[in-house]
Amino acid sequence: MYALVDGNNFYVSCERVFRPALQGRPVIVLSNNDGCAISRSNEAKELGIAMGAPWFQIQQDPSLRDAGILALSANFCLYGDMSNRMMSIAAGLGPEQEIYSIDESFVGVAGVRDLTRRARTVRDRILQWTGLPCGIGIGATKTLAKLANHVAKSADRRPGSYPAEFARVANLAELPASDLDAVLAATKLGEVWGIGRRIGAQLQAEGLHSALDVARLDAAMVRRRWSVVLERTVRELQGQPCIAFEDVAPAKKEIACTRSFGRPITALHDLVEAVSEFAARAAEKLRRQASNAGQVLVFVHTSPFRRQDRQYSKSITVPLRRPTADTALLTASAVRGLHAIYQPGYKLAKAGVMLLDLQDAQVEQGELDLDDPGADRGRLMAAVDAINVRHGRGAVKLASVGTAGSARRWTMRQDLRTPDYTTRWSDLPQARA
Amino acid sequence: MSSVAEPCAELLPLHLPMVEGKIPAGFPSPADDFLVKRLDLNELLITHPQATFFWRVAGESMREAGIFNNDILVVNRALMPRHGCIVVAQVDGDFTVKRLHKRSGRVKLVPANPTFPEITFREGQQLIICGVVIASIKQFSA
Numbered sequence: 023m024y025a026l027v028d029g030n031n032f033y034v035s036c037e038r039v040f041r042p043a044l045q046g047r048p049v050i051v052l053s054n055n056d057g058c059a060i061s062r063s064n065e066a067k068e069l070g071i072a073m074g075a076p077w078f079q080i081q082q083d084p085s086l087r088d089a090g091i092l093a094l095s096a097n098f099c100l101y102g103d104m105s106n107r108m109m110s111i112a113a114g115l116g117p118e119q120e121i122y123s124i125d126e127s128f129v130g131v132a133g134v135r136d137l138t139r140r141a142r143t144v145r146d147r148i149l150q151w152t153g154l155p156c157g158i159g160i161g162a163t164k165t166l167a168k169l170a171n172h173v174a175k176s177a178d179r180r181p182g183s184y185p186a187e188f189a190r191v192a193n194l195a196e197l198p199a200s201d202l203d204a205v206l207a208a209t210k211l212g213e214v215w216g217i218g219r220r221i222g223a224q225l226q227a228e229g230l231h232s233a234l235d236v237a238r239l240d241a242a243m244v245r246r247r248w249s250v251v252l253e254r255t256v257r258e259l260q261g262q263p264c265i266a267f268e269d270v271a272p273a274k275k276e277i278a279c280t281r282s283f284g285r286p287i288t289a290l291h292d293l294v295e296a297v298s299e300f301a302a303r304a305a306e307k308l309r310r311q312a313s314n315a316g317q318v319l320v321f322v323h324t325s326p327f328r329r330q331d332r333q334y335s336k337s338i339t340v341p342l343r344r345p346t347a348d349t350a351l352l353t354a355s356a357v358r359g360l361h362a363i364y365q366p367g368y369k370l371a372k373a374g375v376m377l378l379d380l381q382d383a384q385v386e387q388g389e390l391d392l393d394d395p396g397a398d399r400g401r402l403m404a405a406v407d408a409i410n411v412r413h414g415r416g417a418v419k420l421a422s423v424g425t426a427g428s429a430r431r432w433t434m435r436q437d438l439r440t441p442d443y444t445t446r447w448s449d450l451p452q453a454r455a
Numbered sequence: 003m004s005s006v007a008e009p010c011a012e013l014l015p016l017h018l019p020m021v022e023g024k025i026p027a028g029f030p031s032p033a034d035d036f037l038v039k040r041l042d043l044n045e046l047l048i049t050h051p052q053a054t055f056f057w058r059v060a061g062e063s064m065r066e067a068g069i070f071n072n073d074i075l076v077v078n079r080a081l082m083p084r085h086g087c088i089v090v091a092q093v094d095g096d097f098t099v100k101r102l103h104k105r106s107g108r109v110k111l112v113p114a115n116p117t118f119p120e121i122t123f124r125e126g127q128q129l130i131i132c133g134v135v136i137a138s139i140k141q142f143s144a
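Protein sequence lines correspond, in order, to chains A and B.
Okay, so the first sequence: first residue is 23 according to this note's numbering, each after it adds one.
Okay, so the second sequence: first residue is 3 according to this note's numbering, each after it adds one.
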């Protein structure tokens, strides 16, 4: 039995907690580099602004000119902190929690008594304690919990789409089979978790339309005709849990840090700064999951959207003699790779570093040591990580990342950012006295 | 009787208290029995970490309550706002800090400075309280 707790229009809702004047207005939050809409208030959704709509397109749309849309740059410092708070309160719903994304978590609720009332209490508590509205869906499987969450949100936002009793908190697991079927029948199959656009189109071509149609398929047949992944979805809709509960996120098999630049970059030294920063961040994530990397991949490319620019795209993989999580060694390899692929005269729009061939740091591969293996800098890395946690990211860093901070030429555009209300003393919201 | 020795079922474990701390030689510390945690401001002020936020005071209307311009308010959103509490509230799209007056069905926000007006609410108007102020932090330049 699972609950899915999901914040409503999460990024926008976070901004509204600290700027109440944004309530009731069409507000959107833009992705890194102020590129496209990644969160929309209900008012913005009603204006027809789609998820992922490019900002420049919205700005140029004549029908939206007088709509009073307010756009804000993404403020992940704020969203991360608000997410922690929400997740911590949601954890009180049941004995185990799997944090799925910044605004969604599954909570295992098997054996929890008085579940619907408890879920309402948790929903109200999240709103009271953090100011964030959310929806809670409960079902026998994760897929049904996700569907229930969709029902809870729709019933709240569009009265009449589902029975009013499902608004905000929808417990499908306590429904008799016929009532659950009615809910599935009222839900388009594209809303089911795991059914994307492609599979959805294929199913519709077969004459299937609702989630109930999919739930009624024979699972074995689905496995033969489509995939084991879709079979799992069908079984889950039928009430059989197939998707494992992961309360500890599995270690990643590769770690990437990539960014688009705020403006086109041509100079090598700016790229060296950027690539050094990406390597350092990736190395931090690597150490956090206690892995070593055996290879470093570096890439740069121009913008495919700027067709007037000469196009250039190159990548290189640098193998390491010995798997490592040492920032200096990884950065040195990344920068060496960059030197090998860099060509002057191109307006580069994006670069990235990927750490590949990850291995458990506990397991050391024996090898024939022909020269001095060098001092083990694991303790140095641990000390650097601890300092950066305490004093803020980048408190201790390699010189090649540059010292100009956010003034570096390649940092992303974030022209419309709100203050770090909960993570910087100088940015506290004001209360008029 | 078996020739192989068997564990004795009736043996009970004997629990001996373990002494905390090393005693290489000399005297154990007389403070060992009294060791507790050092005083922590977070423990004093923050009972609901997920629900605690800080606001910066801008203005003079709460001076007589000991809240001054530029103080940091520690606000707990989890507490029930009661008559006489100091609260942070939303008024006209902005945050304000005032004392809550809630008696016989009437609600108003009262300043702690006679030169400032009360904030009253007409029929249908909603008072939105963000949280209860549990402390005001004043820092002196040193």
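The beta-carbon is built from N, C-alpha and C at its ideal position, and this holds for glycine as well.
Using a Cβ-Cβ cut-off of 7 Å, residue 69 of chain B is close to 455 of chain A, given in chain order. Not a single CB atom of chain B sits nearer than 8 Å to the CB of residue 155 of chain A. Taking C-beta atoms under 8 Å as the contact rule, residue 115 of chain A and residue 89 of chain A fail to qualify, at a distance of about 38 Å. Listed along chain B are 56, 57, 58 and 74, each with a C-beta nearer than 8 Å to that of residue 450 of chain A. Using a CB distance below 7 Å, the part of the region 132-151 of chain A facing chain B consists of 150 and 151, ordered along the chain. DSSP places residue 99 of chain A in the uninterrupted alpha helix (DSSP H) bounded by 98-112. Only residues of its own chain outside the window of five on either side were considered, and among them 297, 301, 318, 320 and 375 have a CB closer than 6 Å to the CB of residue 356 of chain A, listed in chain order. The C-beta distance from residue 450 of chain A to residue 74 of chain B rounds to 7 Å, short enough to fall under 8 Å.
Contact annotation: residue 129 of chain A and residue 27 of chain A have beta-carbon atoms nearer than 8 Å. Under a criterion of Cβ atoms nearer than 9 Å, no residue of chain A is adjacent to residue 120 of chain B; the nearest Cβ is some 14 Å distant. With a contact defined as Cβ atoms closer than 8 Å, residue 57 of chain B and residue 97 of chain B qualify at about 6 Å.
Shown here for residue 155 of chain A: same chain residues with a beta carbon closer than 7 Å to its own, the five before and five after excluded, namely 30, 35 and 149 in chain order. It is roughly 39 Å from the alpha-carbon of residue 358 of chain A to the alpha-carbon of residue 73 of chain A. About 5 Å separates the CB atoms of residue 418 of chain A and residue 406 of chain A; that is less than 8 Å, so the two are in contact. If you look at residue 248 of chain A, you'll find it isn't in any alpha helix (DSSP H); DSSP assigns it neither H nor E.
Residue 120 of chain A is bridged by DSSP to A:128. DSSP places residue 199 of chain A in the uninterrupted alpha helix (DSSP H) bounded by 199-207. For residue 139 of chain A, the uninterrupted alpha helix (DSSP H) segment begins and ends at 137-152.
Assignment of residue 324 of chain A by DSSP, reduced to helix, strand and coil, places it in the strand class. Spanning the alpha carbons of residue 112 of chain B and residue 103 of chain B requires a straight line of approximately 7 Å. Taking 9 Å as the upper bound on Cβ-Cβ separation, chain B lies near residues 39, 40, 41, 42, 43 and 44 of the region 23-44 of chain A. Here residue 32 of chain B carries a coil assignment [DSSP, helix/strand/coil]. For residue 137 of chain B, same chain residues with a beta-carbon under 8 Å away, outside a window of 5 residues either side, are 47, 75 and 76 in chain order. The beta-carbon of residue 105 of chain A is placed no less than 8 Å from the nearest beta-carbon of chain B. Neighbours of residue 92 of chain B across chain A, judged by C-beta separation under 8 Å: 42. For the region 108-124 of chain A, the set of positions with a beta-carbon nearer than 7 Å to some beta-carbon of chain B reads 110 and 111 in chain order. Along the region 417-438 of chain A, none of the residues has a CB nearer than 7 Å to a CB of chain B. Minimum Cα-Cα distance from residue 362 of chain A among the listed residues A:314, A:293, A:429 and A:327 corresponds to A:293.
Rounded to whole angstroms, the gap between the alpha carbons of residue 347 of chain A and residue 408 of chain A is 15 Å.
Shown here for residue 68 of chain B: same chain residues with a beta carbon closer than 7 Å to its own, the five before and five after excluded, namely 138 in chain order. When 9 Å is used as the limit between beta carbons, residue 63 of chain B is near these residues of chain A: 454 and 455, in chain order.
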